[in-house]
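Taking it in order: structure first as structure tokens, then the write-up.
Residue numbers (the numbering used here): 938 to 1431.
Structure representation (structure tokens):
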């Protein structure tokens, strides 16, 4: 490292966010940029640690430890410190097709396993990653790079989320003719409609990368729903290979009384409607709107936070977020050692905004829904909640048990179910006749990504289950490599 004592000399700093009161008035991204001097100091904090756990990309205790795409983090940290931004960009693109996405929405497991982080705040890796790619765009260094030659092979990718885009980018780089099918009206999948604009700008960031892929030769076909208006068996006939990247979009439901009341929605339906309106008629025209309503978000995680942030921008009257799990500790617990992902209490952007307006973190921990109550017109009126405790059942598994006499009724005209996803939707998989695993995901081993159908590969959440954008990119790249090997006998893709 160019500054071996940098981690001692400099404190961790992050870009200043726009204040919660200011940012809820619009749908723009809420991070400010850092000046180059400060970014170079943050790069200097990367120590000569010998074994950089930050880019190992392993699963430990069920969570990512280190970067799943194996970013060359110490290398580009050092290059940023030295002011060699072009070289840093080249290193970054070696492992990550879309650092502008991960630099915004990734929870940064790399920072959780940073060696500096054992005893001090970790290196601001995610901030530096985002700065490198944006500096590259500003300088005009990120340009379309179509392949010099075409192989004559045709590949269709089903789904244009992060896994599909990564697979398409790599297969196109190998010289194959790639068509990406997207059932929505715009390409991008989760990146377009599953993540709100204030976290990931659609026109300035997502569509910017889509345009580059198109200029490199990737063809996008929207409103193409395999199993509905696109026949799966024709894809097997017309293309030399198929890559399934449909995601895990089947939401987990809430089997309680009142579930069918008007005003109760799956979180992804709510987020999709909001972004679609923002890109079309305007944010006030969303068919699911929180303006002037008491809102209850059922579930935590990124999706729950995004529902909170969206409801805040729509002008909700009150907001409560129910989290069935206990409140995490302020610091790592004894059974959550480094380099595991630190399971600690955090205030994400949505909770910060709700706290600024309503005076406290909106999350109610170890609390869940007992029933939903409607009015005479069949519209949601109240949410009846109960406290739970976590006990072991006869199989030794921890399960939630209702605490007696803990009922509490919340006013609510809008409730969002943000309890995760159970797996991929079955239509395309059934029509392609791919074998499924016990969880209903496409059966394909990580590393080979080959399904039970010859010439058909699978990557991302439809194969591994609900996960991170960065894991989807990892899988899309891996599936592209194995698809290329299948088509050509060998592959030079990483």
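The C-beta atom is built at its ideal place from N, Cα and C for all residues, glycine as well.
Along the beta strand (DSSP E) that carries residue i, what are the first and last residues, could you check?
i            : result
residue 978  : It is not in any beta strand (DSSP E) - residue 978 instead sits in the alpha helix (DSSP H) that spans 973-981.
residue 1305 : 1304-1311
residue 1118 : 1114-1118
residue 1150 : From DSSP, residue 1150 is part of no beta strand (DSSP E) but of the alpha helix (DSSP H) over 1144-1153.
residue 1101 : Taken as a continuous stretch (DSSP letters only), residue 1101 belongs to no beta strand (DSSP E), being part of the alpha helix (DSSP H) at 1099-1110.
residue 1395 : 1393-1395
Look up residue i in the DSSP assignment and give the residues it is bridged to.
i            : result
residue 1132 : Answer is none; residue 1132 lacks a bridge partner.
residue 1353 : 1202, 1234
residue 1326 : 1338
residue 1319 : 1310, 1348
residue 1387 : 1394
Can you tell me where the alpha helix (DSSP H) with residue i in it begins and where it stops?
i            : result
residue 1032 : 1022-1032
residue 1423 : 1406-1425
residue 1260 : Here residue 1260 belongs to no alpha helix (DSSP H); instead the beta strand (DSSP E) covers 1255-1260.
residue 1063 : 1062-1075
residue 1369 : 1364-1369
residue 1295 : 1286-1295
residue 1039 : 1036-1042
residue 958  : 957-960
Distance, Cα to Cα, residue i vs residue j?
i            : j            : result
residue 938  : residue 980  : 10 Å
residue 990  : residue 1403 : 24 Å
residue 1051 : residue 1279 : 11 Å
residue 1154 : residue 999  : 38 Å
residue 1344 : residue 1322 : 6 Å
residue 1136 : residue 1142 : 10 Å
residue 1020 : residue 953  : 22 Å
residue 1251 : residue 1285 : 18 Å
residue 965  : residue 1203 : 24 Å
residue 1429 : residue 1212 : 38 Å
residue 1237 : residue 1245 : 10 Å
residue 1068 : residue 950  : 13 Å
residue 1359 : residue 1127 : 16 Å
residue 1168 : residue 1366 : 12 Å
residue 1255 : residue 1215 : 22 Å
residue 1307 : residue 1269 : 32 Å
Using CA coordinates, which residue listed in the options is at the minimum distance from residue i?
i            : options                : result
residue 1048 : 1072, 1004, 1029       : 1004
residue 1094 : 988, 1129, 1175        : 1175
residue 944  : 1222, 953, 1256, 1060  : 1060
residue 1394 : 1056, 1177, 996, 1160  : 1177
residue 1287 : 1145, 1269, 1134, 1123 : 1134
residue 1372 : 1117, 985, 1400, 1001  : 1400
residue 1039 : 1208, 1304, 1416, 1071 : 1071
residue 1152 : 1187, 1082, 942        : 1082
residue 1243 : 1042, 983, 946         : 1042
I believe residue i touches residue j by the beta-carbon criterion, under 8 Å. Please report the beta-carbon distance rounded to the nearest angstrom.
i            : j            : result
residue 1131 : residue 1097 : Actually they are not in contact, since the Cβ atoms of residue 1131 and residue 1097 sit about 12 Å apart, beyond 8 Å.
residue 1426 : residue 1184 : About 30 Å; that fails the 8 Å criterion.
residue 1036 : residue 1012 : 14 Å between Cβ atoms; not a contact.
residue 1104 : residue 1158 : No, residue 1104 and residue 1158 are not in contact; Cβ-Cβ is about 15 Å, not under 8 Å.
residue 1100 : residue 1413 : 4 Å
residue 1115 : residue 1156 : 7 Å
residue 1349 : residue 1319 : 6 Å
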